[in-house]
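Right, one structure below, let's go through it.
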Amino acid sequence: MREQALKKKEAELANREQMLADRHTLVIADTRKKPQNTFVPEPIPPRVGAAVPAGTALQAEVYTPSSNDLQEFFSGLSNFSLDMLQRLAKSETNVAFSPLTTWVLLSMMSEGAEGVTLRELQTTLALPLDKNSTYRGFEAIRSDIMQIMKGNSLINLGSAAFTSPSIKLEEDFKRIADVCYNTSMESLDFRNTTFAARTINKWVNDLTAGNINGIVYPSDLVNAKLVLTSALYFRGSWKDAFNESLTRREPFMDDSGTRVAEVDMMYQVGRFRLSFIDGLKAIALELPYSSERNSMLLLLPRRGSTLNELLSNMANFSQPLVPTIMKKLAEDEIADTDDEDIHVYLPRFELSTKLQLVDLLKKMGIKGLFTPGRRELKGISSSVDLYVSNMVHKAGINVNEQGTTAHAASAAILHNYSLPSTFKANRPFLFMIIQRATNAILFAGKVGNPAPNTQRRRVSK
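Using the UniProt record's numbering, you'd call the opening residue of the sequence shown number 1 and step up by one each time.
So this is what it looks like as structure tokens:
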């Protein structure tokens, strides 16, 4: 039964192969006998609305956070995403990253983990007890991504694992990684570090339409056994574009009110969702993209509050953060009987971030995955002492008048507060690119200083 279910899923994917952006060939070594505790997923329901005829209204995905069997999945994904955002935002002036692609790689690794390593992954990622909830949840996200056909919006999402030829991967792990996680695995000779780096970099460059170069260097691959890579490319035009002729040079302040830069401040006025989130002491603004399946969520600390205070409030927020904010935005929009226009000031910004994630993930509780000698990844390969030697994430985002190009968690919130009619991001703020059907955070970051001289490569400690 399980074998038939997996074959059915593989057939579904084969029929939809032409719709997957930059799908890569799975190159693998021969495998040994399957471990006794293997798990083969139940069939995942077909994608809804995979083919969208021109002029057809896009429909919401069937599987959403309100689905009972997926609440645990989306809650865990959100908590992990926000934990990463809070940690990175505290240590970096500017940062941009995709929590989704990082989560996918780690969740996939849990399929072959056991012992302490498995428990660490389950705890940090808050993985559902029912693995099929994970598969269905990720499928819901991927299905929604595939439906972005309207306007100038585009998303490419991909993950890959590159393994030494001496590693014999287990058959079940290969198939689950491919079928359920859309992750390609390639055998790569790390002894030739120059060639290996070129191979990995080409994979990422192809997926991101040439926007990311040099995710790894030969020196990163010395003594490597397994390298995980993740990439997300997002190009979205605003539903309501900013008028470039209204962009002006204006000062950008730090949390103390000291001027730190002169920026190109974009401006527009119109009807936008704007709310004060009392538990965060912050103002939330939603800027939808033309596809209306995604939007940018901006969080700006209230005057007199700092970004670090906002991050602390996020950590203490007992309700699901993104769904709560999105619900409040919708409620305030309905309750607004004055139809007051909102004046929006947002700086142009372009960030590029390269993260070595191992140290960060260790601090989040995942240690065994990166420790040699544990032999707790036998579900991936029982032939060697396998561990993750490096985990690299490179991301970039460009926000301008036309839209965004990006490549690459108990407080009462209903207190009355007189909202200003102006949202002016002239001091540090957080941003998230949200999938509206699922509330999944595809992309997130912090802007502490959008001046060009701060846009150099940054490495997380």
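Backbone N, C-alpha and C fix where the C-beta goes; we use that ideal spot for every residue, glycine too.
All figures in this text were calculated on a predicted structure; none of them were measured in a lab.
For the beta strand (DSSP E) that Ile277 lies in, which residues bound it at each end? Arg273 to Ile277 is the extent of the beta strand (DSSP E) around Ile277.
Alpha-carbon spacing of Ala425 relative to Arg235, whole angstroms: A direct Cα-to-Cα measurement between Ala425 and Arg235 gives close to 22 Å.
State the DSSP-derived secondary structure class of Asp240, mapped to helix, strand or coil. If DSSP states are grouped into helix, strand and coil, Asp240 belongs with coil.
Between the region 261 to 271 and the region 342 to 349, do three or more beta carbon pairs fall short of 8 Å? Output reads yes: the region 342 to 349 touches the region 261 to 271.
Please tell me whether Ser389 and Asn223 are closer than 8 Å, where the distance is taken between their beta carbons. Taking 8 Å as the Cβ cut-off, Ser389 and Asn223 qualify as a contacting pair.
Do you know whose CA, among Asn205, Ile212, Asn243 and Ala196, lies nearest Asp220's CA? It is Ala196 whose Cα lies nearest to the Cα of Asp220.
Any 3 or more C-beta pairs closer than 8 Å across the region 430 to 450 and the region 77 to 89: Judged by Cβ distances under 8 Å, the region 430 to 450 makes contact with the region 77 to 89, as three or more pairs qualify.
If you scan the region 175 to 249 from start to end, which runs of the beta strand (DSSP E) of 3 or more residues do you find wholly inside it? The DSSP assignment places complete beta strand (DSSP E) segments of no fewer than 3 residues inside the region 175 to 249 at 183 to 187 and 226 to 237, in order along the chain.
Report the rounded CA-to-CA distance for Pro43 versus Ala177, giving the unit in angstroms. Confidence is the limiting factor: at Pro43 the pLDDT is only 42, short of 50, which leaves the residue's position unreliable, though a coordinate-based value still follows. The C-alpha of Ala177 is placed about 14 Å away from the C-alpha of Pro43.
Taking the alpha helix (DSSP H) that Asp144 belongs to, which residues open and close that run? Run containing Asp144: Lys131 to Met146, per the alpha helix (DSSP H) assignment.
Lys327 versus Ile283 - alpha carbon distance: C-alpha of Lys327 to C-alpha of Ile283: approximately 14 Å in a straight line.
What is the residue span of the alpha helix (DSSP H) that Glu72 lies within? Residues Gln71 to Ser91.
Round the Cβ separation of residue 481 and Lys239 to the nearest angstrom and send it over; I've been treating them as touching at under 8 Å. Residue 481 falls outside the range modelled here, since the chain spans only 1 to 461, and no answer is possible.
Where DSSP assigns a beta bridge to Arg259, which residues make up the other side? According to DSSP, which records beta bridges pairwise, Arg259 is partnered with Met253.
Should Thr324 be labelled buried (16 or more other beta-carbon atoms within 10 Å of its own) or exposed? In summary, Thr324 is buried, with 16 or more beta-carbon neighbours lying within 10 Å of its beta-carbon over all protein chains present.
Under a three-way DSSP split, which group does Phe173 fall into? Helix, per DSSP.
In terms of residue numbering, what span does the alpha helix (DSSP H) encompassing residue 476 cover? Nothing in the structure corresponds to residue 476, since the chain is present only between 1 and 461.
Could you name the residues of the same chain whose beta carbon sits closer than 6 Å to that of Val116, not counting the 5 residues immediately before and after it, in chain order? Apart from sequence neighbours up to five positions away, the residues of its chain that approach Val116 with a beta-carbon distance below 6 Å are Gly368, ordered along the chain.
Using only the alpha-carbon positions, how far apart do Glu340 and Leu355 sit? If I take the Cα positions, the gap works out to 42 Å.
DSSP beta-bridge partners of Ser352: Partner residues in the beta bridge of Ser352, as assigned by DSSP, are Gly396.
Quick check: the region 185 to 203 against the region 154 to 172, are there 3 or more CB pairs under 8 Å? With a cut-off of 8 Å, the region 154 to 172 and the region 185 to 203 count as touching, because enough Cβ pairs lie within range.
For Phe443, does the three-state DSSP call read helix, strand or coil? Strand, per DSSP.
How is Gln36 classed by DSSP in three states: helix, strand or coil? With a pLDDT of 35 at Gln36, under the threshold of 50, the modelled position of that residue is not reliable, and the figure given next carries that caveat. It is coil, neither helix nor strand.
Leu127 versus Glu244 - alpha carbon distance: Approximately 45 Å between the Cα atoms of the pair.
From the DSSP output, read off the bridge partner residues of Lys424. Residue pairing from DSSP places Lys424 in a beta bridge opposite Tyr345.
Quick check: what's the CA-CA separation for Leu121 versus Met391? Their Cα atoms are separated by approximately 15 Å.
What first and last residue would you give for the alpha helix (DSSP H) that runs through Met314? Start and end: Leu307 to Ala315.
Cα separation between Asp264 and Glu250? Near 6 Å, if we compare the C-alpha coordinates of Glu250 and Asp264.
What does the Cβ neighbour count give for Pro372, buried or exposed, with the cut at 16 atoms within 10 Å? Exposed is the call here.
Asn449 to Pro428 span [Cα, whole Å]: Asn449 and Pro428 have their C-alpha atoms some 7 Å from each other.
Round the Cβ separation of Phe431 and Gly445 to the nearest angstrom and send it over; I've been treating them as touching at under 8 Å. Cβ atoms of Phe431 and Gly445 come within 8 Å of each other, at about 6 Å.
Candidates Leu70, Gln71, Met84 and Asn400, of which the one nearest Asp359 by Cα: The option with the nearest alpha carbon to Asp359 is Met84.
What does the alpha-carbon distance come out to for the pair Asn182 and Tyr233? Computed Cα separation, rounded: 16 Å.
For Pro41, does the count of other Cβ atoms within 10 angstroms reach 16, so buried, or fall short, so exposed? Its pLDDT being 43, under 50, Pro41 is placed unreliably by the model, and the measurement read from it follows with that caveat. A buried status is given to Pro41, since no fewer than 16 other beta-carbon atoms sit within 10 Å of its beta-carbon.
Report the three-state DSSP secondary structure of residue 469 (helix, strand or coil). Examination of residue 469 is not possible in this model, given that the chain is present from 1 through 461 alone.
When Ala209, Ile215 and Asn211 are compared against Thr199, the one with the closest alpha-carbon: Of the candidates Ala209, Ile215 and Asn211, the one whose C-alpha sits nearest the C-alpha of Thr199 is Ile215.
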